[in-house]
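Colleague: In the numbering used here, the protein residues as written are 81 to 210.
We treat Cβ as the ideally placed atom computed from N, Cα and C, and that holds for glycine.
Please read all numbers here as calculations on a predicted model, not as lab measurements.
1. Expressed to the nearest angstrom, what Euclidean distance is found between the alpha-carbon atoms of residue 146 and residue 158?
2. Go ahead and pull the three-state DSSP assignment for residue 137.
3. Who are residue 144's beta bridge partners in DSSP?
4. Below 8 Å between beta carbons: does that hold for residue 134 and residue 140?
5. Just to confirm my understanding: we take residue 148, look at its own chain, exclude 5 residues before and 5 after, and list those with CB closer than 8 Å. What are they?
6. Is the beta carbon of residue 204 sitting closer than 8 Å to the one on residue 193?
7. Could you compute how far the alpha carbon of residue 170 sits from the alpha carbon of residue 209?
8. Can you tell me which of the three DSSP states residue 108 falls into?
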């Protein structure tokens, strides 16, 4: 940043010192231009990475594509259903149950009731006029 003192009676009739600020351009933007990268108004733009999509039907049926995050190795092979635990097939994967569908004797009912109460109080606090 460069400061420049203006102390002229014609520009400043009150007599106070006025400083004008001259900010330098973002160095990263100039550096990015020289490297051949795209530059926006603020600075360098992050380039989007293209992820490969698996289209091989044999691999899609036998492997869980995208499960291997290591550089080397292969994706996890899908096993037959009888090799997985029974509780896996009983998981609730549909829409969350409403308060009326839950049993009041369970912990899930009271957690849901508490979260609904907190949401209601938050909405009411936003519309209060003080």
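Modeller: Let me spell this out:
1. 13 Å
2. helix
3. 156
4. yes
5. 154, 155, 156
6. no
7. 48 Å
8. Because residue 108 carries a pLDDT of 45, less than 50, the predicted location of this residue cannot be relied on, and the following value inherits that uncertainty. Reduced to three states, the DSSP call for residue 108 is helix.
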